[in-house]
Ligand SMILES: C[S@@+](CC[C@H](N)C(=O)[O-])C[C@H]1O[C@@H](n2cnc3c(N)ncnc32)[C@H](O)[C@@H]1O
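In the working numbering, the protein residues as written are 201 to 444.
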């Protein structure tokens with residue numbers, strides 16, 4: 201497989217940075233930054249897990265030049281198929297409606313599983329990666345994730361503020377963690393190893409795109425950031441390679 205250098209290509213997709221397509225902080229910026237650090241082999245087979253409305257799938261198909269299985273739970277495959285037709289990439293992106301907890305794929309099928317701003321909803325628990333995701337990745341294939349998280353684990357006051365942001369939902373609170381916490385989650389297993397770990401730099405720009413989109417949740421999130429939430433939030437970026 202040939203690896204290639206990924207050129208920073210985010211700006212080409214600016215017309216998608218709207219409330220129609222964004223579902224949170226700008227996932228294209230996050231993906232672009234991760235692929236710059238860890239380019240994927242051209243022509244590979246990639247699962248975009250929790251692809252939402254498919255903008256990261258589009259970016260993967262066009263910029264990384266891979267075949268994408270755009271997999272999501274809340275957004276239907278039919279809705280995404282229409283978008284992929286409109287974008288002229290229906291031959292390279294296959295829309296799939298599925299739950300990350302019971303994926304419908306052949307084992308050891310993917311060169312990469314990419315998950316941007318989605319993995320924390322289902323994967324912030326011991327055993328999920330090993331049991332539910334890893335089986336579908338080939339040897340030497342990778343999991344590439346970016347999730348919102350914390351600079352450090354929360355103080356009591358910060359926990360209260362975050363809980364207020366999440367409208368009292370403790371399950372949501374349990375998905376936000378520091379890079380150290382995530383590294384521990386992926387430690388101590390002979391089958392895989394962490395090859396890249398970072399707090400992506402695009403934090404402010406990615407959130408600002410979301411606020412500017414005019415989405416009602418973006419407007420709400422900006423109010424919390426204005427009160428200081430952004431001071432202790434961060435993004436977590438990880439690449440994990442299957443060793444055998
Ligand atoms: C905040 S949205 C982000 C969507 C997209 N990655 C993006 O950034 O534009 C989170 C996505 O995770 C997906 N998701 C949450 N839980 C999931 C699960 N168990 N299996 C598959 N997808 C899931 C949702 O369907 C949703 O589209």
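All C-beta atoms, glycine included, are put in the ideal place defined by N, C-alpha and C. The structure presented is a predicted model; accordingly, all values stated were derived computationally and were not measured.
Sheet register partners of residue i (DSSP bridge)
{"i": "residue 402", "result": "None; residue 402 has no bridge partner."}
{"i": "residue 435", "result": "348"}
{"i": "residue 267", "result": "245"}
Endpoints, beta strand (DSSP E) assigned at residue i
{"i": "residue 338", "result": "337-350"}
{"i": "residue 248", "result": "245-249"}
{"i": "residue 218", "result": "No beta strand (DSSP E) contains residue 218, which DSSP labels as neither H nor E."}
{"i": "residue 293", "result": "293-297"}
Closer than 7 Å: residue i CB and nearest ligand 1 heavy atom
{"i": "residue 407", "result": "no"}
{"i": "residue 278", "result": "no"}
{"i": "residue 274", "result": "yes"}
{"i": "residue 434", "result": "no"}
{"i": "residue 325", "result": "no"}
First through last residue of the alpha helix (DSSP H) which encompasses residue i
{"i": "residue 312", "result": "It is not in any alpha helix (DSSP H) - residue 312 instead sits in the beta strand (DSSP E) that spans 310-316."}
{"i": "residue 333", "result": "Premise fails: residue 333 is in no alpha helix (DSSP H) and is neither H nor E."}
{"i": "residue 281", "result": "277-286"}
{"i": "residue 257", "result": "255-259"}
{"i": "residue 380", "result": "379-385"}
Residue from the options with nearest C-alpha to residue i
{"i": "residue 427", "options": "416, 365, 399 and 393", "result": "365"}
{"i": "residue 389", "options": "326, 376 and 368", "result": "326"}
{"i": "residue 279", "options": "348, 209 and 220", "result": "220"}
{"i": "residue 397", "options": "407, 404, 410 and 382", "result": "382"}
Coil, strand or helix - residue i by DSSP
{"i": "residue 425", "result": "helix"}
{"i": "residue 320", "result": "helix"}
{"i": "residue 392", "result": "strand"}
{"i": "residue 366", "result": "coil"}
{"i": "residue 229", "result": "helix"}
{"i": "residue 372", "result": "helix"}
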